[in-house]
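Chemist: Residue numbers (our numbering): 2 to 431.
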């Protein structure tokens with residue numbers, strides 16, 4: 002690792018894996034990616050970038066130098082010294098952990114494991130995943146952890162679209178299965194990351210990750226519940242939150258919205274709740290937060306229906322223009338976006354949907370169902386044709402003055418129109 006001759010393999014070249022692979026290649030490691038998505042593999046080997054947080058020129062130069070490449074099969078694993086797992090960890094239909102990707106990859110690694118390899122899991126999961134699921138599979142080969150091979154967990158901390166914190170300058174937590182596993186994993190990450198924090202075990206590192214995202218989920222649920230109460234009391238929750246934010250201590254600002262999205266916040270708290278049940282313990286506070294953050298999707302739908310009713314229009318047959326479907330502003334990621342559930346529910350109520358997102362031009366599905374909604378230009382004509390505009394994602398490159406001026410009604414779930422001074426009678430804030 003010190004002289005950068007160790008070969009690194011990153012399994013899963015998505016929002017976590019590709020930026021990690023690029024950072025390792027930039028400092029001199031030879032990095033090979035494995036991904037089952039043939040399109041991703043082809044694009045990467047052609048020097049083409051598909052992840053917003055990765056620099057196009059940096060990736061192209063690394064591919065040209067042969068420092069970075071990709072394949073879509075696991076036959077190359079025995080040649081690798083360090084194998085980093087960055088695969089998805091979704092929930093199933095019952096909001097229980099789906100470890101099928103981790104289990105599948107672990108089987109491939111186990112069948113090809115050799116002495117001296119380091120295995121690191123970065124995919125978010127419940128405390129115990131590394132030692133209860135991955136370790137037994139690897140040790141079934143007859144090799145011993147901490148002696149023949151090394152195993153650690155180091156949670157990803159990717160924040161898509163964040164211009165200040167990248168893979169390199171975001172503090173990295175790492176926990177090893179044995180002290181020597183920790184020492185080797187820590188050495189690897191210090192080659193590319195500014196600050197690395199060791200913890201006593203892989204389980205502590207796993208719990209750290211789910212706590213970070215549960216903390217956010219709980220606080221978002223709190224402000225979303227406050228929003229629904231403020232609505233009944235005819236108080237602006239946005240004014241309340243901004244006023245509270247002026248206190249210089251004792252409060253961290255969270256804003257309400259149409260729900261939670263992304264690859265972490267809607268999922269990680271359920272991982273923790275599921276694990277807690279194995280210890281005959283109920284995480285009531287965490288589960289309640291999850292319920293509130295789901296409930297707010299339907300609260301937004303209700304706002305749309307009431308806004309249309311006020312204009313003497315039924316939701317059935319009304320054209321609803323959805324503005325922004327990414328799970329947060331200025332990114333092209335729609336995983337677990339509240340837009341999907343809201344749009345699916347409006348469709349079931351009979352609404353005709355169109356949408357505009359500057360970063361996403363094809364409509365993904367919700368819960369396995371295709372959502373019928375065409376991408377349209379953000380034009381005066383399209384806005385005027387619509388009965389209602391629903392702002393779900395507050396992208397920065399939108400002319401909200403024009404949106405309000407040309408629309409009949411605007412339901413704003415993000416306070417994106419806060420700086421629009423004219424025709425505010427058209428705006429309904431959640």
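Just so you know, even glycine gets a beta-carbon here, dropped at the ideal spot from N, CA and C.
Ignoring anything shorter than 4 residues, give me the alpha helix (DSSP H) runs that lie fully in the region 350-425, in order along the chain.
Modeler: Listed in chain order, they are 381-386 and 401-407.
Chemist: Does the Cβ of residue 259 have 16 or more other Cβ atoms within 10 Å, making it buried, or fewer, making it exposed?
Modeler: Taking the chain shown and counting its residues from 1, one reaches residue 259 at position 258. Buried, because 16 or more other Cβ atoms sit within 10 Å of the Cβ of residue 259.
Chemist: Have a look at residue 199 and residue 388 and give me their C-alpha separation to the nearest angstrom.
Modeler: Start at 1 with the first residue of the chain shown, and residue 199 comes out as number 198. Start at 1 with the first residue of the chain shown, and residue 388 comes out as number 387. Each residue's alpha carbon lies about 55 Å from the other.
Chemist: Mind listing, in chain order, the continuous beta strand (DSSP E) runs of no fewer than 3 residues lying wholly within the region 15-83?
Modeler: The qualifying runs are 31-35 and 69-72.
Chemist: Please confirm whether residue 98 and residue 272 have their CB atoms less than 7 Å apart.
Modeler: By 1-based counting over the chain shown, the position of residue 98 is 97. By 1-based counting over the chain shown, the position of residue 272 is 271. In this structure, residue 272 lies closer than 7 Å to residue 98 by Cβ.
Chemist: Taking 8 Å as the threshold, find out whether the region 299-306 comes into contact with the region 375-384 through three or more Cβ pairs.
Modeler: Cβ pair count under 8 Å is below three, so no.
Chemist: Could you check if residue 342 is buried or exposed, using at least 16 other CB atoms within 10 Å of its CB as the buried criterion?
Modeler: Position 341 of the chain shown, counting from 1, holds the residue named residue 342. Residue 342 is buried by the Cβ-count criterion.
Chemist: Indicate the three-state DSSP secondary structure (helix, strand or coil) for residue 116 in the structure shown.
Modeler: On the chain shown, position 115 is the one that residue 116 refers to. Residue 116: coil per DSSP, three-state reduction.
Chemist: Please identify the residue among 87, 86 and 101 whose C-alpha is closest to the C-alpha of residue 93.
Modeler: As a working mapping, residue 93 is identified with position 92 in the chain shown. Taking only the C-alpha atoms, the option nearest residue 93 is 101.
Chemist: Is the separation between the beta-carbon of residue 13 and that of residue 87 shorter than 7 Å?
Modeler: One-based indexing of the chain shown puts residue 13 at position 12. One-based indexing of the chain shown puts residue 87 at position 86. Yes, the pair counts as a contact, with Cβ atoms nearer than the cut-off.
Chemist: Counting only the same chain and skipping the five closest in sequence on each side, list residues whose C-beta sits under 8 Å from that of residue 44.
Modeler: For this step, residue 44 is matched to residue 43 along the chain shown. Cβ neighbours of residue 44 beyond the five flanking positions: 50 and 51.
Chemist: Assuming residue 320 and residue 353 are in contact, meaning their beta carbons sit under 8 Å apart, how far apart are those beta carbons, in whole angstroms?
Modeler: The count along the chain shown starts at 1 and reaches residue 320 at position 319. The count along the chain shown starts at 1 and reaches residue 353 at position 352. Confirmed, Cβ separation roughly 5 Å.
Chemist: Does the Cβ of residue 6 have 16 or more other Cβ atoms within 10 Å, making it buried, or fewer, making it exposed?
Modeler: Translated into positions along the chain shown, residue 6 becomes position 5. Answer is exposed; the Cβ neighbour count stays below 16.
Chemist: So is the beta-carbon of residue 57 under 6 Å away from any non-hydrogen atom of the ligand GTP?
Modeler: As presented, the structure is devoid of all ligands, the ligand GTP included, so that no description of it is given.
Chemist: With H, G and I counted as helix, E and B as strand and the rest as coil, what does DSSP make of residue 106?
Modeler: Within the chain shown, residue 106 is the residue found at index 105, counting from 1. Three-state result, residue 106: helix.
Chemist: Label residue 248 either buried or exposed according to how many other C-beta atoms from any shown protein chain fall within 10 Å of its C-beta, with 16 as the threshold for buried.
Modeler: On the chain shown, position 247 is the one that residue 248 refers to. By the neighbour-count rule (16 or more Cβ atoms within 10 Å), residue 248 is not buried but exposed.
Chemist: Just to check my reading of the structure: residue 27 and residue 9 have Cβ atoms closer than 8 Å, yes? What is that Cβ distance to the nearest angstrom?
Modeler: Counting from one through the chain shown, the residue named residue 27 turns up at place 26. Counting from one through the chain shown, the residue named residue 9 turns up at place 8. Actually they do not touch by this definition, with Cβ atoms about 12 Å apart.
Chemist: Suppose you measure from the CA of residue 171 to the CA of residue 195; what does that come to, to the nearest Å?
Modeler: Along the chain shown, read from residue 1 onward, the residue named residue 171 stands at position 170. Along the chain shown, read from residue 1 onward, the residue named residue 195 stands at position 194. When rounded, the distance between both Cα atoms is 7 Å.
Chemist: With DSSP as the reference, label residue 428 as helix, strand or coil.
Modeler: Position 427 of the chain shown, counted from the first residue, corresponds to residue 428. In the structure shown, residue 428 sits in a strand (DSSP, three-state: E or B).
Chemist: Against chain B, with Cβ distances strictly below 7 Å, would residue 428 count as a contact?
Modeler: The chain inventory of the structure shown lacks chain B, comprising one protein chain alone.
Chemist: Given residue 1, which residues of its chain have a CB within under 7 Å of its CB, disregarding the five upstream and five downstream residues?
Modeler: Outside the displayed range of the chain (2 to 431) lies residue 1, so it cannot be described from this structure.
Chemist: Short of 6 Å in beta carbon distance, which residues of its chain neighbour residue 188, apart from the five on each side in sequence? Order them along the chain.
Modeler: Residue mapping note: residue 188 aligns to position 187 of the chain shown, counting from 1. Hits under 6 Å: 2.
Chemist: Spatial neighbours of residue 79 within its chain, please: CB distance less than 7 Å, with the 5 preceding and 5 following residues excluded, ordered by chain position.
Modeler: To locate residue 79, count along the chain shown from 1; it is residue 78. So the list reads 113 and 115, once near-sequence residues are dropped.
Chemist: Among the residues of its own chain, which have a CB less than 7 Å from the CB of residue 238, if the five just before and after it don't count?
Modeler: For the purposes of this step, residue 238 is identified with residue 237 of the chain shown, where counting begins at 1. So the list reads 227, 228, 231 and 257, once near-sequence residues are dropped.
Chemist: Leaving aside the five residues before and after residue 427 along the sequence, list all residues of the same chain whose C-beta is less than 8 Å from its C-beta, in chain order.
Modeler: Here the question's residue 427 lines up with position 426 in the chain shown. So the qualifying residues of the chain are 405, 408, 409, 410 and 411.
Chemist: Whole angstroms are fine: how far does the CA of residue 158 sit from the CA of residue 326?
Modeler: Start at 1 with the first residue of the chain shown, and residue 326 comes out as number 325. Start at 1 with the first residue of the chain shown, and residue 158 comes out as number 157. Looking at the two C-alpha atoms, the distance is approximately 23 Å.
Chemist: For the alpha helix (DSSP H) containing residue 10, name the first residue and the last one.
Modeler: Position 9 of the chain shown, counted from the first residue, corresponds to residue 10. Element bounds for residue 10: not the alpha helix (DSSP H) but the beta strand (DSSP E), 8-12.
Chemist: Excluding the five sequence neighbours on either side, which residues of its own chain have a C-beta within less than 6 Å of the C-beta of residue 383, listed in chain order?
Modeler: If you number the chain shown from 1, residue 383 lands on position 382. Cβ neighbours of residue 383 beyond the five flanking positions: 377.
Chemist: Which complete alpha helix (DSSP H) runs does the region 156-210 hold, if anything under 4 residues is left out?
Modeler: Listed in chain order, the complete alpha helix (DSSP H) runs (minimum 4 residues) inside the region 156-210 are 180-191.
Chemist: Can you tell which of 340, 335, 314 and 169 has its C-alpha closest to the C-alpha of residue 351?
Modeler: Working through the chain shown from its first residue, we reach residue 351 at position 350. Ranking the options by Cα distance to residue 351, first place goes to 314.
Chemist: For residue 134, which of helix, strand or coil comes out of DSSP?
Modeler: Within the chain shown, the letter at position 133 stands for residue 134. Helix.
Chemist: Excluding the five sequence neighbours on either side, which residues of its own chain have a C-beta within less than 6 Å of the C-beta of residue 18, listed in chain order?
Modeler: Within the chain shown, numbered from 1, the residue matching residue 18 stands at position 17. 11 and 87, listed in sequence order.
Chemist: In angstroms with no decimal places, state the Cα-to-Cα distance between residue 240 and residue 224.
Modeler: For this step, residue 240 is matched to residue 239 along the chain shown. For this step, residue 224 is matched to residue 223 along the chain shown. Computed Cα separation, rounded: 12 Å.
Chemist: Less than 7 Å between C-beta atoms, sequence neighbours within five positions excluded: which residues of the same chain meet that for residue 360?
Modeler: Working through the chain shown from its first residue, we reach residue 360 at position 359. Excluding residues within five positions, the ones whose Cβ falls inside 7 Å are 327, 332 and 333.
Chemist: Considering only the alpha carbon of each residue, which of 279, 95, 415 and 380 lies closest to residue 394?
Modeler: The residue labelled residue 394 in the question sits at position 393 within the chain shown. Comparing Cα-Cα distances from residue 394 to each of 279, 95, 415 and 380, the minimum goes to 415.
Chemist: What three-state label does DSSP hand residue 261 in the structure shown?
Modeler: Here residue 261 refers to the residue found at position 260 when the chain shown is read from its first residue. Coil at residue 261, not helix or strand.
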